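The sequence shown begins at 0 in numbering that gives the first Met the number 0 and counts up by one.
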Amino acid sequence: MVKQGVIGFSVFIIQFLLVDFLSINMIRPDFMVIFIFYFSLNNDGYKSILLGFILGLLCDLSGVGSNFGLNSLTLSITAYLTGFLNGKYERLLPYVFHLLWIFILALHFFI
0 MVKQGVIGFS VFIIQFLLVD FLSINMIRPD FMVIFIFYFS LNNDGYKSIL
50 LGFILGLLCD LSGVGSNFGL NSLTLSITAY LTGFLNGKYE RLLPYVFHLL
100 WIFILALHFF I
């Protein structure tokens, strides 16, 4: 878990420092969501939710977001829902799997 925490903190630093340089017409990439999504697909749900909450709390404490706790909530929900997709790629039809992860990402950005 320490290794994933260090990688997550590095993603947070990259998100915090480089996102303004990578924005195109005020559209910015969200590396935190990509990392939490990848981490949740490869690990169990408890670790994913905990890492999503901690990284969201770091984002909230750094002043990146406008509402305190919103990043923690959305990253935890994303990790929780993505945890259901862990190991389901072989059992689900490919278009169903892809529709589910697109729905999870859309839900994250609508919250």
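For every residue, glycine included, the Cβ atom is placed at its ideal position computed from N, Cα and C. Computed from a predicted structure; not experimentally measured.
With 16 other Cβ atoms within 10 Å as the buried cut-off, status of residue i
i: GLY7; result: buried
i: LEU70; result: According to the sequence provided, residue 70 is Asn. The question's Leu does not apply to it. When all chains shown are included, ASN70 counts as buried.
Whole-angstrom distance between residue j and residue i, CA atom to CA atom
i: PHE102; j: THR81; result: 10 Å
i: SER39; j: PRO93; result: 18 Å
i: HIS107; j: VAL32; result: 8 Å
i: ASP47; j: PHE15; result: Here residue 47 turns out to be Ser, not Asp, going by the sequence shown. In a straight line, the C-alpha of SER47 is about 21 Å away from that of PHE15.
i: TRP100; j: GLY62; result: 28 Å
i: GLU89; j: ASN42; result: 16 Å
i: VAL1; j: PHE52; result: 15 Å
i: MET25; j: LEU17; result: 14 Å
Simplified DSSP assignment, three categories, for residue i
i: ILE101; result: helix
Residue of the options minimising C-alpha distance to residue i
i: LEU72; options: LEU84, HIS97, GLY55; result: GLY55
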